[in-house]
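>
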Amino acid sequence: MSYYVMIHGSWHGGWCWYKAAPRLQQLGHKVFAPDLPGHGRNWADPQTVTMQSYADYVCNVLDTLPEPAILVGHSRGGIVISQVAERRPNKVKSLVYLAAFLIPNGEPMLPTALSDTDSLIVSNLDVNEERGWHMLREEAFRDALYHDCSEEDVALARSLLTPEPNAPVATPLELTDDNFGRIPRVYITTLRDKGVSPSLQKKMYTAVPCQKVISLDTSHSPFLSAPDELVACLTSL
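Residue numbering for the sequence shown follows this note's numbering, beginning at 12 and increasing consecutively.
1) Taking buried to mean at least 16 other C-beta atoms within 10 Å of its own C-beta, is Val138 buried or exposed?
2) Considering only C-alpha positions, which residue in the set Ser134, Ser170, Ala178, Pro119 is nearest to Glu140?
3) Is it the case that the segment 215-232 contacts the segment 190-197, given that we only count it when at least three CB pairs across the two stretches are under 8 angstroms?
4) Taking Ala44 and Trp28 to be in contact with their CB atoms under 8 angstroms, please state how far apart those CB atoms are, rounded to whole angstroms.
5) Please go through the same chain and pick out, in chain order, the residues whose beta-carbon is closer than 6 angstroms to the beta-carbon of Met120, but skip the five residues on each side of it.
6) Using 8 angstroms as the threshold, is the C-beta distance between Val16 and Ala32 below it?
7) With 16 other CB atoms within 10 Å as the buried threshold, where does Arg142 fall?
8) Leaving out five residues before and five after Ser126 in sequence, what residues of the same chain have Cβ atoms less than 8 angstroms from its Cβ?
9) Which residues share a DSSP beta bridge with Tyr15?
10) On a CA-only basis, which of His40, Trp22, Tyr65, Ser13 is nearest Thr182? Give me that one, please.
11) DSSP on Trp144, reduced to helix/strand/coil?
12) Per DSSP, what kind of secondary structure is Pro238 in: helix, strand or coil?
13) Measure from the alpha carbon of Pro7 to the alpha carbon of each residue in Gly20, Ser208, Lys30, Thr246, then state which is nearest.
14) Taking a contact to mean a Cβ-Cβ separation below 8 angstroms, would you say Val95 touches Val60 in this structure?
15) With DSSP as the reference, identify every bridge partner of Ile194, one or two as the case may be.
16) For the beta strand (DSSP E) that contains Leu223, what are its first and last residues?
17) Tell me, to the nearest whole angstrom, how far the beta carbon of Gly206 is from that of Leu131; I am working on the premise that it is less than 8 angstroms.
18) Identify whether Trp161 lies in helix, strand or coil by the three-state DSSP scheme.
19) Can you tell me whether Lys213 is buried or exposed, with buried defined as 16 or more other CB within 10 angstroms of its CB?
20) Can Ser236 and Cys160 be called in contact, C-beta distance under 8 angstroms?
If you want it as structure tokens, here you go:
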């Protein structure tokens, strides 16, 4: 039995794991899928949300667990699990990056994300600097994130996505070899991804090497379109 802490990506909440989490639980694992500040039911003014807000919240979850957890980060969730591993290395068993941003020490996520010329996200963002958030345009939801998902799941996501705070993605990561660097890393790359392109994913897991790279033939959202395959990957580690 393992503990899994599942960290959602931009605009999402813990709800996005609604298929994967019960499958892991049915196999005897303990699963936690929190809403980060400003997401899901964890409301916060986007202007007040920082990288530290995210990391503090996940660290508090880890501190309640009796043993180290497998941290799974999707998309933007990758920078969160990296920063949490730096702060709580003794509470993290391994790091799993699911189509996620794997960013080196001293760099923010934003420049890497904006460099992805094959991403449908980059060309379909609305940014509100005054209110401190950015949002994917609704007409791009399906093609960018869910092109292999059911109509029901696309409709669910459409009703639940919320604006993403600007500050966390613009904050440089603070990582060390002694803490973050000693945690085993796995990358799950999504081969038909139009949100974070497979080429960018490869560039990231090449620059910050992982012990294992697993491929899923899916869109950016295998937790919706291929939950059985995703859970098989997670439980094979």
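Virtual Cβ for every residue (Gly too), placed ideally from N, Cα, C.
Let me lay it out:
1) exposed
2) Ala178
3) yes
4) 4 angstroms
5) By the criterion of a C-beta distance shorter than 6 angstroms, Met120 is surrounded in its chain by Ile90, Phe112, Ile114, Val180, once the five residues flanking it on both sides are discounted.
6) No, they are not a contact pair.
7) exposed
8) Taken in chain order, the residues that qualify are Leu211.
9) Val42, Ile81
10) Tyr65
11) strand
12) helix
13) Any answer about residue 7 is impossible in this case: the structure gives the chain only from 12 up to 248.
14) no
15) Looking at the DSSP assignment, Ile194 forms no beta bridge with any residue, so it has no partner.
16) For the sequence presented, residue 223 should be read as Lys rather than Leu. Unbroken beta strand (DSSP E) run through Lys223: 223-227.
17) 7 angstroms
18) Looking at the sequence shown, residue 161 is not Trp but Ser. It is coil, neither helix nor strand.
19) exposed
20) yes
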